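Visitor: Position 67 (the sequence shown) corresponds to 85 in the numbering used here; numbering is contiguous.
Built from N, CA and C at the ideal position, the CB exists for glycine as well.
Every value quoted in this text rests on a predicted model; they were computed, and no experiment measured them.
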Amino acid sequence: MCGKVRTETIKRLARDIYDRFSTQFNTDFNNNKQILEKISKTSSKHFRNRIAGYITRIVAIEQKKEQLESSKSYNI
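1. Please report how far the alpha carbon of Leu54 lies from the alpha carbon of Arg38, in whole angstroms.
2. Just confirm the distance between the C-beta atoms of Phe47 and Ala70, as a whole number of angstroms; I'd bet it's less than 8 Å.
3. So the alpha helix (DSSP H) Asn49 belongs to, where does it begin and stop?
4. Starting from Lys22, trace the alpha helix (DSSP H) both ways and give me its first and last residue.
5. In the DSSP assignment, find the unbroken alpha helix (DSSP H) run with Phe43 in it and report its ends.
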């Protein structure tokens, strides 16, 4: 089983938006979708949802990195 592949356009836009508004996003997809609806002028629901999903993934990865770094510094 394979997941759906995201295009570079989706990834690039999601990273740019996340870099600008990183404090507003979290791991809740619906919250990220609503924030994205407010800050972007995307008319396509499908496109907005794809970006929101990737931003949710970026936030989850960032949180895991922070958690690993804090546990490594705690063990030293």
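Guide: The short version:
1. 12 Å
2. 6 Å
3. Phe47 to Ile57
4. Where Lys22 is concerned, there is no enclosing alpha helix (DSSP H), given that its DSSP letter is neither H nor E.
5. Note, Phe43: premise wrong, no alpha helix (DSSP H); not H, not E.
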